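There are 2 protein chains.
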Amino acid sequence: MPRVSKKQAEANHGAVIAAAARLFKARGINGVSLPALMAEAGLTHGAFYGHFKSKDDLAVAACEHAFAEKGALYDDICTRHQGDKRAALSEFVDRYTAKTHRDQPALGCPVAALADDASREEFKGPVRKAFAAGLENMVQGVLGMLGGRGRGKLRDDALADVALLVGALVLARATKGQPISEEVLHAARKAILTD
Amino acid sequence: MPRVSKKQAEANHGAVIAAAARLFKARGINGVSLPALMAEAGLTHGAFYGHFKSKDDLAVAACEHAFAEKGALYDDICTRHQGDKRAALSEFVDRYTAKTHRDQPALGCPVAALADDASREEFKGPVRKAFAAGLENMVQGVLGMLGGRGRGKLRDDALADVALLVGALVLARATKGQPISEEVLHAARKAILTD
DNA sequence: CACGATACATGATGGAAATCATATAAGAGG
DNA sequence: CCTCTTATATGATTTCCATCATGTATCGTG
Chain A
2 MPRVSKKQAE ANHGAVIAAA ARLFKARGIN GVSLPALMAE AGLTHGAFYG HFKSKDDLAV
62 AACEHAFAEK GALYDDICTR HQGDKRAALS EFVDRYTAKT HRDQPALGCP VAALADDASR
122 EEFKGPVRKA FAAGLENMVQ GVLGMLGGRG RGKLRDDALA DVALLVGALV LARATKGQPI
182 SEEVLHAARK AILTD
Chain B
2 MPRVSKKQAE ANHGAVIAAA ARLFKARGIN GVSLPALMAE AGLTHGAFYG HFKSKDDLAV
62 AACEHAFAEK GALYDDICTR HQGDKRAALS EFVDRYTAKT HRDQPALGCP VAALADDASR
122 EEFKGPVRKA FAAGLENMVQ GVLGMLGGRG RGKLRDDALA DVALLVGALV LARATKGQPI
182 SEEVLHAARK AILTD
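Protein chains in written order, with my numbering: chain A, 2 to 196; chain B, 2 to 196.
Put into structure tokens, the structure is as follows:
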């Protein structure tokens, strides 16, 4: 069958990256095999090395894709609540601590889903750099929603809010099915949205 | 060579669990092979199934061991700062957000190190239950150090503080080597220790 | 002190993964 | 329309893993 149009080949390339972003977030980088990954993208495993140099190479691309996908979201929320930073923050936090977010890591925040992989020695190079850039982007996004309260050291507040949200989501996922899972999400929401 | 004393066999059993706790925290459950694990415990791979039913079985034991090991720590800190809850919390938070803690996951908090594994579908059974118990224990520990401030809803405060600490540690590990890593740790410490 | 139970080592087995080699069929350029 | 290029599929290769089978030498016991 092989050989598809240039357009199709490009689409396939993107499909592999998108599938990788989803699967890596859901099962971890080491939890996904290349054959499974390519199947999810609608191809066979042999096509892989025509698109990427190695699995690590794809991991970096998938990371960047996942972060880019969410990058626009912060601006979007801010824009929709034009001026009302408080409302923007409220919507963001509510969405982040929603049960649907906890239950769908494949579609959710890459900061929470990829942190563990990024911390492993085997991925410390480009993956960690991409992760740090994505985290910084999220911090900037939250920074743009703060300001409606205490003034100085806004960046520290944003960093703490992000850490709190990520920590709560990670813990909620790890305890899913038990009451403490929802408790953590609720406590985080309250801590951030209460002056 | 085989057949060792009953005492030795029991010690070996414990050594395997301890090695598993260390390695699982450092590299993730799927990142450690049984041969490597047994070698770390000073045995060969063949001895494994004399001690455990399966790798999952060991994962549960290792989880429980890791949590039990840290369980005493909360009480210890509280006892040493007898009465002064504020000082106890301060020491705990300082230790948790220390760079040495970030750099040694094998010796550190199992809540932060095992959350990702616990959230995976493949481990949702007994591992997740053990994790939830360990998390609850940490929350109780922090609860015992609060009280020196706002009254109502102390449990929510403890949950949020734990989520913040865990989130900060996870993010700091994922960005190790870049400036934001230390920033997150510092922001978390400040957020908790500032009324 | 001899005998049976067993913890451990060695090695086998079956499966799966990452990566590479090759063939093919269809796009693209002339 | 013919040729050359190339994205993809098929399948091989090498490695490693979880688990199991077997032998053995020592411990525990009578």
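Glycine included, C-beta positions come from ideal geometry on N, C-alpha and C.
It should be emphasised that the depicted structure is a prediction, and the values quoted were computed from it without experimental measurement.
{"Query": "Reduced DSSP secondary structure (H/G/I, E/B, other) of threonine 101 of chain A", "Result": "helix"}
{"Query": "Short CB-CB distance (under 9 Å) between aspartate 57 of chain A and chain B", "Result": "no"}
{"Query": "Where phenylalanine 68 of chain A sits in the DSSP three-state scheme", "Result": "helix"}
{"Query": "Contact the stretch 189 to 196 of chain A vs the stretch 85 to 97 of chain A: 3+ CB pairs below 8 Å", "Result": "yes"}
{"Query": "Contact check, glycine 178 of chain B vs arginine 129 of chain A, beta carbons under 9 Å", "Result": "yes"}
{"Query": "The stretch 118 to 137 of chain B contacting the stretch 131 to 144 of chain A, beta-carbon criterion three pairs below 8 Å", "Result": "no"}
{"Query": "Contacts that aspartate 157 of chain A makes with chain B (C-beta to C-beta distance below 7 Å)", "Result": "Ala188 and Lys191"}
{"Query": "Residues that alanine 178 of chain B contacts on chain A, provided the C-beta gap is smaller than 8 Å", "Result": "Looking at the sequence shown, residue 178 of chain B is not alanine but glycine. Those are Lys125 and Arg129, listed as they occur along chain A."}
{"Query": "Range covered by the alpha helix (DSSP H) that runs through methionine 39 of chain B", "Result": "35 to 41"}
{"Query": "Residue-level contact to chain B via CB, lysine 154 of chain A, 9 Å cutoff", "Result": "yes"}
{"Query": "Chain A contacts from the stretch 29 to 50 of chain B (Cβ-Cβ distance under 9 Å)", "Result": "Gly29, Asn31 and Gly32"}
{"Query": "Beta-carbon proximity of arginine 103 of chain B to leucine 170 of chain B, cut-off 9 Å", "Result": "yes"}
{"Query": "9 Å Cβ cutoff, valine 61 of chain A in contact with chain B", "Result": "no"}
{"Query": "Residue from A:Asp158, A:Phe124 and A:Tyr75 with nearest C-alpha to glycine 32 of chain B", "Result": "A:Phe124"}
{"Query": "Alpha-carbon spacing of lysine 26 of chain B relative to valine 167 of chain B, whole angstroms", "Result": "14 Å"}
{"Query": "Distance, proline 36 of chain B Cα to alanine 113 of chain A Cα", "Result": "31 Å"}
{"Query": "Other residues of its chain near glutamate 184 of chain A: CB distance less than 7 Å, five sequence neighbours each side excluded", "Result": "none"}
{"Query": "Partner residues on chain A for leucine 136 of chain B, Cβ-Cβ distance less than 7 Å", "Result": "Leu172, Thr176 and Ile181"}
{"Query": "Given methionine 146 of chain B as reference, the closest of B:Glu41, B:Ala88, B:His66 and B:Ala20 once Cα atoms are compared", "Result": "B:Ala88"}
{"Query": "Within 9 Å, strictly: CB atoms of glycine 43 of chain B and alanine 16 of chain B", "Result": "yes"}
{"Query": "Methionine 139 of chain B - containing alpha helix (DSSP H), residue span", "Result": "127 to 144"}
{"Query": "Start-to-end residues for the alpha helix (DSSP H) that takes in histidine 14 of chain B", "Result": "7 to 28"}
{"Query": "Phenylalanine 132 of chain A vs alanine 116 of chain A beta-carbon contact at 9 Å", "Result": "yes"}
{"Query": "CB contact below 9 Å: arginine 96 of chain A versus chain B", "Result": "no"}
{"Query": "Arginine 156 of chain B, DSSP secondary structure in three states", "Result": "helix"}
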